[in-house]
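I have placed the structure first, in the form of structure tokens, so that the comments after it can refer back to it.
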Amino acid sequence: MTPPPTGLLTPTAAPAKTKTKSGSCGCSSKTDAAPSLDEKMKARIEKHPCYSEEAHHHYARMHVAVAPACNIQCNYCNRKYDCANESRPGVVSELLTPEEAAHKVLVIAGKIPQMTVLGIAGPGDPLANPEKTFRTFELIADKAPDIKLCLSTNGLMLPDYVDRIKQLNVDHVTITINMVDPKVGEKIYPWVHYRRKRYRGIEGVKILHERQMEGLQALREADILCKVNSVMIPGVNDEHLAEVDEVIRANGAFLHNIMPLISAPEHGTHFGLTGQRGPTPKELKSLQDKCSGNMKMMRHCRQCRADAVGLLGEDRSQEFTKEKFMEMTPEYNLETRQEVHAGIEKSKAEIKAVKEKAVETLHAVETLHVTSLQDSPKILVAVATKGGGLVNQHFGHAKEFQVFEVDANEAKFVGHRKIDHYCQSGYGEEATLDHIIKAIADCKAVLVSKIGHCPQEELQKAGIQAVEAYDVIEKVASEFYAQYLQNQQGE
Ligand code: CLF
Ligand code: SF4
């Protein structure tokens, strides 16, 4: 069993500050007062790795592949693979019965106690397989009541099931909405199968759009947190997604997740075969920035597969294939899990204190380097991390880099870049290093726990400084930023 993650932080971390509670008027409030709306919302998302960016560094999710059928066709999907709304094309999940799925969840809840969310996201559409989906949720709610239940759907059948979803205490629902204008939708959906009839072209898209809007509103009325996923398809809906963002926001969506189209001929999808490209990281970030407004924007999605297990960005599904997990005895234990979660919360509080200090380091550059908070340059840094909010991974072991944008105000997470890892066989590979350098070419630094001399030199030649550290990401990023500005002034 994974030990409780206390002491994740290096000894340099400051202890959490004790805060006095105070109301907006500045007067202190009673500690036993009813939680505010913000506090209630915080409690609903703080252990959900998709709904809370902070949680994704600490808590894991798992999916069970119980839903094979689908009722629409998306041009980025090939039914041989998982639902491309929630998973990378090119991987196929082993289908499970609800009973097998419940067994798997109880096994993993024991082995990975920081797993807090069970999602059903495919491989088809969960609400095109309502009995399997709801039976699975029932079994898990009964045996593992502390696990949050989560559902991701194309929305076609959602209005029919909101009451059932509420009854089962499913508090998080994702709808994939790629358009609010059926003319745009025509280029994405060739057909929709609704109430035993297949509708082609715009007729089907109109039904899908109406049902998605109806479902979104029904979730708001039922007070279920709704995230909207949108697939960004350059030349098809990229310019339209700002309007989608406005419409879903007005209709009560809590979070918007704009994901890049993943498209290649070998996936056998319509878009793959017709050469439709996905967006570049720059195009994606620019659209996310444009849409961020007042609404929360999810930027840490990993487009995970329908049987994903682990922290977002780590894939432990191969440790739990059907053959393996059916041999394992469930070790679900509520008390142990609660202890582990308390350890994580302690570690989060320590990290929060360090982050607050990091902001002070950033603000200090205003006086040190004669730059104002508003006009300070923004730079990107890449981070190698195994989770926990720390720079704690060797350059050669990273399969992805998290990307943080830093200016004199803050160091904030803005995305991630997938890479082939450099030490595939224990030796660095030149082609891989070239690929990594290309993937993070717009970053000024890469923050790692360790890096070899050779890759360090090659990165330097490409204008990327390697920074070795083992500490809270925002602290290392802020210190690098101050140093970077100083060097710029010296030039
Ligand atoms: Fe799964 Fe989706 Fe629930 Fe998360 S995934 S059903 S909301 S528990 Fe998360 Fe994976 Fe992105 Fe989905 S990273 S693909 S957004
Ligand atoms: Fe494929 Fe998912 Fe679209 Fe259905 S909703 S066609 S499974 S991507």
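So for the sequence shown, numbering that gives the first Met the number 0 puts the first residue at 0; every next one is plus one.
All residues carry an ideal CB built from backbone N, CA and C; glycine is no exception.
Review point. Quick one, are the C-beta atoms of residue 228 and residue 152 less than 8 Å apart?
Key: For the purposes of this step, residue 228 is taken as the residue at position 229 of the sequence shown. For the purposes of this step, residue 152 is taken as the residue at position 153 of the sequence shown. Their beta carbons are not under 8 Å apart, which means residue 228 does not touch residue 152 by this criterion.
**Study point:** Contained beta strand (DSSP E) runs [length at least 3] in the segment 345–421, N- to C-terminal order
**Key:** You should have 378–382, 399–405 and 410–417.
Review point. What do you reckon, is the C-beta of residue 200 under 7 Å from a heavy atom of ligand 2?
Key: Position 201 of the sequence shown, counted from the first residue, corresponds to residue 200. Of the heavy atoms belonging to ligand 2, none sits nearer than 7 Å to the Cβ of residue 200.
Check your understanding: When the Cα of residue 184 is compared with those of 205, 488, 194 and 41, which residue comes out closest?
Key -> As a position in the sequence shown, residue 184 is number 185, starting the count at 1. That would be 205, whose Cα lies nearest to the Cα of residue 184.
Review point. Does the Cβ of residue 171 lie closer than 7 Å to at least one heavy atom of ligand 3?
Key: The model depicted lacks ligand 3 and carries ligand 1 and ligand 2 instead.
**Study point:** Residue interval of the beta strand (DSSP E) (run including residue 444)
**Key:** Locating residue 444 in the sequence shown gives position 445, counting from the first residue. Residues 444–447.
Point to revise | Cα-Cα separation, residue 400 to residue 281 | key: Counted from its first residue, the sequence shown places residue 400 at position 401. Counted from its first residue, the sequence shown places residue 281 at position 282. Between residue 400 and residue 281, the C-alpha separation is close to 15 Å.
Check your understanding: According to DSSP, is residue 122 helix, strand or coil?
Key -> Here the question's residue 122 lines up with position 123 in the sequence shown. In the three-state DSSP reduction, residue 122 falls in the strand class (E or B).
**Study point:** Per DSSP, cross-strand counterpart(s) of residue 56
**Key:** Residue 56 sits at position 57 when you count from the first residue of the sequence shown. The partner list for residue 56 (beta bridge, DSSP) is empty, contrary to what the question assumes.
Review point. Three or more C-beta pairs closer than 8 Å, one from the segment 58–68 and one from the segment 294–306: is that the case here?
Key: The segment 58–68 is in contact with the segment 294–306.
**Study point:** Heavy atom of ligand 1 within 7 Å of residue 228 beta-carbon
**Key:** Position 229 of the sequence shown, counted from the start, is the residue given in the question as residue 228. Residue 228 Cβ: within cutoff of ligand 1.
Review point. What are the uninterrupted segments assigned as alpha helix (DSSP H) that are 4 or more residues long and contained completely in the segment 151–197, given in chain order?
Key: Listed in chain order, the complete alpha helix (DSSP H) runs (minimum 4 residues) inside the segment 151–197 are 157–166 and 181–184.
Exercise for review: Confirm the yes/no value for this check: CB of residue 256, any heavy atom of ligand 1, distance under 7 Å.
Suggested key: Taking the sequence shown and counting its residues from 1, the one referred to as residue 256 is at position 257. For residue 256, the distance from the CB to the nearest heavy atom of ligand 1 is below 7 Å.
Point to revise | Segment limits, beta strand (DSSP E) that includes residue 467 | key: Start at 1 with the first residue of the sequence shown, and residue 467 comes out as number 468. 464–467 is the extent of the beta strand (DSSP E) around residue 467.
**Study point:** Selection from 394, 387, 357 and 397 that minimises the alpha carbon distance to residue 407
**Key:** Sequence index remark: in the sequence shown, residue 407 carries index 408 (1-based). With distances taken between Cα atoms, residue 407 lies closest to 357.
Practice item. With distances taken Cα to Cα, identify the nearest neighbour of residue 309 among 113, 40, 109 and 37. Key: Locating residue 309 in the sequence shown gives position 310, counting from the first residue. In terms of CA proximity to residue 309, 113 leads the group 113, 40, 109 and 37.
Check your understanding: Is any heavy atom of ligand 1 found at a distance shorter than 7 Å from the C-beta of residue 118?
Key -> Stepping through the sequence shown from its first residue, residue 118 is reached at position 119. Yes, ligand 1 has a heavy atom inside 7 Å of this Cβ.
Practice item. Could you check what DSSP says for residue 219 in three-state terms: helix, strand or coil? Key: Counted from its first residue, the sequence shown places residue 219 at position 220. Helix.
Review point. Rounded to a whole number of angstroms, what is the C-alpha to C-alpha distance between residue 11 and residue 470?
Key: Locating residue 11 in the sequence shown gives position 12, where the first residue counts as 1. Locating residue 470 in the sequence shown gives position 471, where the first residue counts as 1. Legend: pLDDT at residue 11 = 30, less than 50; position of this residue unreliable, no value from coordinates given.
Check your understanding: Closest by CA to residue 69, which one among 180, 45, 190 and 44?
Key -> Position 70 of the sequence shown, counted from the start, is the residue given in the question as residue 69. Nearest of 180, 45, 190 and 44 to residue 69, Cα basis: 190.
Exercise for review: Give a single yes or no on whether residue 71 has its beta carbon closer than 7 Å to a heavy atom of ligand 2.
Suggested key: For the purposes of this step, residue 71 is identified with residue 72 of the sequence shown, where counting begins at 1. Residue 71: yes, Cβ under 7 Å from ligand 2.
Check your understanding: Roughly how many angstroms separate the alpha carbons of residue 396 and residue 452, rounded to a whole number?
Key -> For the purposes of this step, residue 396 is taken as residue 397 along the sequence shown, with counting starting at 1. For the purposes of this step, residue 452 is taken as residue 453 along the sequence shown, with counting starting at 1. Answer to the nearest angstrom: the Cα atoms are 15 Å apart.
Check your understanding: When the distance is taken between beta carbons, is residue 442 closer than 8 Å to residue 402?
Key -> Reading the sequence shown from its first residue, position 403 is the one you call residue 402. Reading the sequence shown from its first residue, position 443 is the one you call residue 442. Yes, Cβ-Cβ distance for residue 402 and residue 442 is below 8 Å.
Check your understanding: Measuring CA to CA, which of 448, 290 and 437 is closest to residue 247?
Key -> Locating residue 247 in the sequence shown gives position 248, counting from the first residue. Residue 290 holds the alpha-carbon nearest to the alpha-carbon of residue 247 among 448, 290 and 437.
Point to revise | residue 120, buried or exposed, once every other Cβ within 10 Å from all chains shown has been counted against 16 | key: Within the sequence shown, the letter at position 121 stands for residue 120. That one is buried.
Practice item. Indicate the three-state DSSP secondary structure (helix, strand or coil) for residue 299 in the structure shown. Key: In the sequence shown, counting from the first residue as 1, residue 299 sits at position 300. If DSSP states are grouped into helix, strand and coil, residue 299 belongs with coil.
Check your understanding: Helix, strand or coil for residue 327 per DSSP?
Key -> Within the sequence shown, the letter at position 328 stands for residue 327. Of the three classes helix, strand and coil, the one that applies to residue 327 here is coil, per DSSP.
Point to revise | Expected contact under 8 Å - CB spacing of residue 149 and residue 126 to nearest Å | key: Numbered from 1 along the sequence shown, position 150 holds the residue referred to as residue 149. Numbered from 1 along the sequence shown, position 127 holds the residue referred to as residue 126. With a beta-carbon spacing of about 13 Å, residue 149 and residue 126 fall beyond the 8 Å limit used to define contacts.
Check your understanding: Regarding residue 49 and ligand 1, is the C-beta to nearest heavy atom distance less than 7 Å?
Key -> Numbered from its first residue, the sequence shown carries residue 49 at position 50. Residue 49: yes, Cβ under 7 Å from ligand 1.
Point to revise | Sheet register partners of residue 229 (DSSP bridge) | key: Against the sequence shown, residue 229 aligns to sequence position 230. In the DSSP output, where bridge partners are listed per residue, residue 229 has 257.
Practice item. For residue 481, name the three-state secondary structure that DSSP assigns. Key: In the sequence shown, the residue the question calls residue 481 occupies position 482. Under the three-state reduction of DSSP, residue 481 is assigned to helix.
Practice item. Name the one or two DSSP bridge partners that residue 309 has. Key: Along the sequence shown, one-based indexing puts residue 309 at 310. Note: residue 309 is bridge-paired with 60 in the DSSP secondary-structure output.
**Study point:** Segment contact flag, the segment 133–146 with the segment 324–338, C-beta cutoff 8 Å, min 3 pairs
**Key:** Cβ pair count under 8 Å is three or more, so yes.
Review point. How far does the alpha helix (DSSP H) with residue 271 in it reach, from first residue to last?
Key: Locating residue 271 in the sequence shown gives position 272, counting from the first residue. Here the alpha helix (DSSP H) through residue 271 covers 269–272.
Review point. What is the DSSP secondary structure of residue 450, reduced to helix, strand or coil?
Key: For the purposes of this step, residue 450 is identified with residue 451 of the sequence shown, where counting begins at 1. In the structure shown, residue 450 adopts coil according to DSSP, grouped into three states.
**Study point:** Bridge partners - residue 224, DSSP secondary structure assignment
**Key:** Residue numbering aside, residue 224 sits at position 225 when the sequence shown is read from its first letter. Note: residue 224 sits in a beta bridge opposite 171.
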